[in-house]
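To start, the structure itself, in structure tokens.
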Amino acid sequence: MSSLEFFFYLFVYAAILTYLVLGFIISFEAMLSLYGVKSAIKWVRQWHKPSTFKTMLIIFLPMLQLAYFFLEWLPHRLGLNKEIYPFDLDKIYHTVFPKESL
């Protein structure tokens, strides 16, 4: 294996792992915001600008859907949750940044 091939694989694996880790974090922030957790909303407002948060919601949409599947849909199907929150990116964004969404 040449050094160029090594660095190519290093870059690819690092990019994939970075996407997974950041997506995991953003998806939990978004799911907690969907449920209306005040501390999560305060955290997102403190660390993210509205445009940045909206961009991250779009970029990490597959991770958000995966988190929604495991935290909301699957427990509802197994009978652990009575009601199910609909997955809505606009609701997440409007919950966190109500003034900017007008």
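Mapping to numbering that gives the first Met the number 0: the sequence shown position 31 is 30, numbers consecutive.
For glycine and all other residues, C-beta sits at the position ideal for the given N, C-alpha and C.
Return the chain-ordered list of same chain residues with a C-beta closer than 6 Å to the C-beta of residue i, the five sequence neighbours on each side being excluded.
i: Ser26; result: Met62, Leu63 and Ala66
Would you mind giving the Cβ-Cβ distance between residue i and residue j, rounded to the nearest angstrom? I have them listed as a contact below 8 Å.
i: Leu56; j: Leu19; result: Leu56 to Leu19, Cβ: 17 Å. No contact.
i: Leu33; j: Tyr84; result: 6 Å
i: Glu28; j: Val11; result: At roughly 26 Å, the Cβ-Cβ gap does not stay under 8 Å, so Glu28 and Val11 are not in contact.
i: Phe69; j: Gly22; result: With a Cβ gap of about 13 Å, Phe69 and Gly22 do not count as contacting.
i: Val95; j: Ile24; result: Not a contact, Cβ separation roughly 15 Å.
Assuming residue i is part of the alpha helix (DSSP H), what are its boundary residues?
i: Pro103; result: Because residue 103 is not part of the residues shown, which for the chain are 0 to 101, the question remains open.
i: Tyr18; result: Ser2 to Leu33
i: Leu79; result: Per DSSP, Leu79 belongs to no alpha helix (DSSP H) and is neither H nor E.
i: Lys98; result: Per DSSP, Lys98 belongs to no alpha helix (DSSP H) and is neither H nor E.
Once the 5 residues before and after residue i are set aside, which same chain residues still bring their CB inside 7 Å of it?
i: Pro49; result: Phe96 and Glu99
Tell me which same chain residues have a C-beta within less than 8 Å of the C-beta of residue i, skipping the five on either side of it?
i: Phe52; result: Val43, Tyr92, Val95 and Phe96
i: Glu71; result: Met30, Asn80, Ile83, Tyr84 and Phe86
- Message: What ranges does the beta strand (DSSP E) occupy inside the segment 41 to 71, keeping only unbroken runs of at least 3 residues that lie completely in it?
- Response: Scanning the segment 41 to 71 from its first residue to its last, no whole beta strand (DSSP E) run of 3-plus residues comes out.
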